[in-house]
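Structure first, commentary second.
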């Protein structure tokens, strides 16, 4: 698996690529994660993230993503990808579409291996921001939602 680390407003983040698809994004810099790469998929992901952090809008739809997860998690993540920058949906709204429970949607959010690119930060509680499993927790979620102009 190839990796690429980049600096961001929410700290160092590392992209992971397998079979020409991004499979994970993690906070921090892995011991062997380089800051440059010859991998076109990793470079495309890094450029899309840099543009996102500069503008608050995203162009992630063309990124080849292949998150590992259950069929239900995949359906939740697909719903997340449909939420535009600066918009949110509640766990309950997603649950209703999938004929599921808000808790199950929350669990799928927490299992999202490609945060930001699959925007789990855009899922909120009915009366609160909900949670965020990325590094920095709710502070990171607030930062991302502010960047997008939601907060």
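In the numbering used here, the protein residues as written are 848 to 998. Note that the Cβ used here is the ideal one computed from N, Cα and C, for glycine as well.
I'd like to confirm the pairing. Which residues does DSSP put opposite residue i in its beta bridges?
{"i": "residue 872", "result": "862"}
{"i": "residue 849", "result": "864"}
{"i": "residue 912", "result": "869"}
{"i": "residue 971", "result": "937"}
Going along the chain, which residues of its own chain have a beta-carbon closer than 7 angstroms to the beta-carbon of residue i, five neighbours each way excluded?
{"i": "residue 911", "result": "867, 868, 869 and 888"}
Does DSSP put residue i in a helix, in a strand, or in coil?
{"i": "residue 936", "result": "strand"}
{"i": "residue 962", "result": "strand"}
{"i": "residue 998", "result": "coil"}
Do residue j and residue i come within 7 angstroms of each other at the CB atom, strictly closer than that value?
{"i": "residue 968", "j": "residue 991", "result": "yes"}
{"i": "residue 927", "j": "residue 966", "result": "yes"}
{"i": "residue 935", "j": "residue 942", "result": "no"}
{"i": "residue 880", "j": "residue 850", "result": "yes"}
{"i": "residue 913", "j": "residue 895", "result": "no"}
{"i": "residue 985", "j": "residue 976", "result": "yes"}
Does any CB atom of chain B fall closer than 7 angstroms to the CB of residue i?
{"i": "residue 853", "result": "In the structure shown, chain B does not exist; there is a single protein chain."}
Cutting at 6 angstroms between CB atoms, please list the residues of its own chain near residue i, excluding the five before and the five after it.
{"i": "residue 873", "result": "861"}
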